[in-house]
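Going by the working numbering, the sequence shown opens with residue 55, and the numbers climb by one from there. Let me begin by presenting the structure, written as structure tokens, before commenting on it.
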Amino acid sequence: MNSLTTSAAAAPGSTVTHRYLQSGPLSDIYDKVMEGKRLSFADGLRLWQSDDLTALGALANLVREAKNGNKTYYVRNQHINYTNICNKGCKFCSFYAQKGGPAPYVMSMEDVRRKLERTRHIPVTEIHMVAGIYPKLGYQYYLDLLDTVKATRPDAHIKAFTMVELLQIQKLAKKPMEEVLLELKAHGLSSLPGGGAEILTDRVHDAIFERKETAHEWLETAKTAHRVGLHSNATMLYGHIETLEERVVHLMKLREAQDETGGFLTFIPLAFSSKGTKLEHIPQTTGYLDLKAIAIGRLMLDNFPHVKSFWMMITPPVAQAAQWYGADDIDGTVVEYEITHEIDQENAAQQLSQQRLVGMIIEAGRDPVERDPLYNVIEREDSAALVPERPRVALPMAG
Ligand code: SF4
55 MNSLTTSAAA APGSTVTHRY LQSGPLSDIY DKVMEGKRLS FADGLRLWQS
105 DDLTALGALA NLVREAKNGN KTYYVRNQHI NYTNICNKGC KFCSFYAQKG
155 GPAPYVMSME DVRRKLERTR HIPVTEIHMV AGIYPKLGYQ YYLDLLDTVK
205 ATRPDAHIKA FTMVELLQIQ KLAKKPMEEV LLELKAHGLS SLPGGGAEIL
255 TDRVHDAIFE RKETAHEWLE TAKTAHRVGL HSNATMLYGH IETLEERVVH
305 LMKLREAQDE TGGFLTFIPL AFSSKGTKLE HIPQTTGYLD LKAIAIGRLM
355 LDNFPHVKSF WMMITPPVAQ AAQWYGADDI DGTVVEYEIT HEIDQENAAQ
405 QLSQQRLVGM IIEAGRDPVE RDPLYNVIER EDSAALVPER PRVALPMAG
């Protein structure tokens with residue numbers, strides 16, 4: 055990482071912020087951040103051990119503003135979860151069909167087409183597709199899925215398949231991963247969502263998602279995708295059984311992989327929600343932990359261009375505040391999303407209008423920028439009209 059600037063006075067952040075960071079217990083980490091030096095495992099652990107959320111946020115904000123200025127990115131996207139049948143049985147998952155839980159479904163191509171047709175009036179730029187592992191689906195199903203999306207929304211970018219889905223698709227195709235990825239690309243796949251990384255350690259894997267791919271397999275699949283020209287994101291599921299050390303290991307593995315390929319675009323910390331899972335005894339993450347995960351991700355992943363606060367998982371207000379704790383992306387309008395349906399019902403709508411997203415970003419003092427999934431800026435004639443005309447500072451009520 056390049057040094058943020060040669061002097062604190064010219065760096066992002068106010069003089070008060072710099073004085074606060076210089077005088078606190080994380081002052082050596084502040085020096086490293088200002089000099090653009092990479093943080094070590096021990097630094098990462100100290101960040102997680104620190105309870106000074108203000109300092110963590112201020113440090114992360116220095117990096118965030120140096121990389122992305124005052125911009126907050128968002129996308130207009132639609133999610134399609136084509137089946138909820140899954141043979142992996144991850145203990146943290148409430149999405150897959152099971153007794154007493156969600157009823158099973160598999161979408162036909164006609165179902166997919168109809169779902170996309172329903173939103174034809176919305177200028178969606180990204181179709182985001184992930185689902186469970188249903189062994190009865192053949193290789194052709196996945197190719198047909200891409201073809202159907204491409205035929206129905208030819209202009210939309212298809213971001214699809216987590217690493218476990220790709221490994222399943224490869225198994226069905228009986229071909230090397232490179233070949234499979236190129237074939238999927240030829241059918242319209244444009245990038246990978248990068249989900250399912252959970253916590254990249256063998257202990258956590260064996261304890262709560264043992265039937266899913268290992269850390270090594272997740273990283274190798276991601277790197278192979280990058281090598282054939284597919285960008286991906288990378289997630290971290292936090293707030294379950296993982297230790298602070300394991301969070302740091304996870305971040306460092308992502309950082310090393312990024313050094314090798316440069317193919318990750320965005321780091322997405324995902325807050326664990328235990329409702330409906332086999333880990334229901336674990337409480338919901340707090341806003342404090344959610345902001346901390348974003349800030350530490352921003353600080354440790356010096357080679358990731360972007361950090362996302364996914365509003366649907368951490369609630370719109372926390373995602374909004376996160377724009378000052380290291381995040382520069384708030385995800386998108388998210389039409390139809392089933393993975394975290396339990397959270398959705400309680401805390402969030404399934405969908406935010408573009409106007410509301412833009413309003414939230416402006417209210418937070420950031421500049422909204424509509425992007426496509428590869429962070430190309432989208433200019434639309436109607437976008438200026440979305441900026442709400444109202445004062446940022448509340449005026450005294452008359453009378
Ligand atoms: S997290 Fe994914 S792989 Fe695991 S059970 Fe849920 S749908 Fe299946």
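Every residue gets a Cβ at the ideal spot worked out from N, C-alpha and C, and that includes glycine.
Between Ala251 and Ala214, the C-beta spacing is not below 7 Å.
Annotation: Tyr74 to Ala109 spans about 8 Å, alpha carbon to alpha carbon.
Assignment of beta-bridge partners to Ile212 by DSSP yields Ile181, Leu243.
By the criterion of at least three beta-carbon pairs nearer than 8 Å, the segment 311-329 is in contact with the segment 342-352. For the pair Arg207 and Lys229, the Cα-to-Cα distance works out to about 29 Å. Under DSSP, the beta-bridge partners assigned to Met290 are Pro323.
In the structure shown, Asn141 adopts coil according to DSSP, grouped into three states. Judged by pairs of C-beta atoms under 8 Å, the segment 152-160 does not touch the segment 271-280, as fewer than three such pairs exist. When only Cα atoms are considered, Gly293 and Gly419 end up about 29 Å apart.
Its Cα nearest to that of Thr331, the residue Lys145 stands out among Lys125, Gln76, Asn115, Lys145. For Phe364, the distance from the CB to the nearest heavy atom of ligand 1 is not below 6 Å.
Annotated three-state conformation of Gly351 is helix, per DSSP. Ranking Pro66, Gln374, Leu298 by CA distance to the CA of Ile350 puts Leu298 first.
In the displayed model, Asn135 falls within coil according to three-state DSSP, outside both helix and strand. Remark: the C-beta of Tyr150 is in contact range of ligand 1, defined as less than 6 Å to any heavy atom. Placement of the Cβ of Gly242 at a distance of 6 Å or more from every heavy atom of ligand 1 is found.
In the DSSP assignment, Ile384 falls within the unbroken beta strand (DSSP E) covering 383-386. Contact check for Arg130 and Asp382: beta-carbon distance about 18 Å, past the 8 Å limit, so the pair fails to qualify. Beta-bridge partners of Thr69 (DSSP): none assigned.
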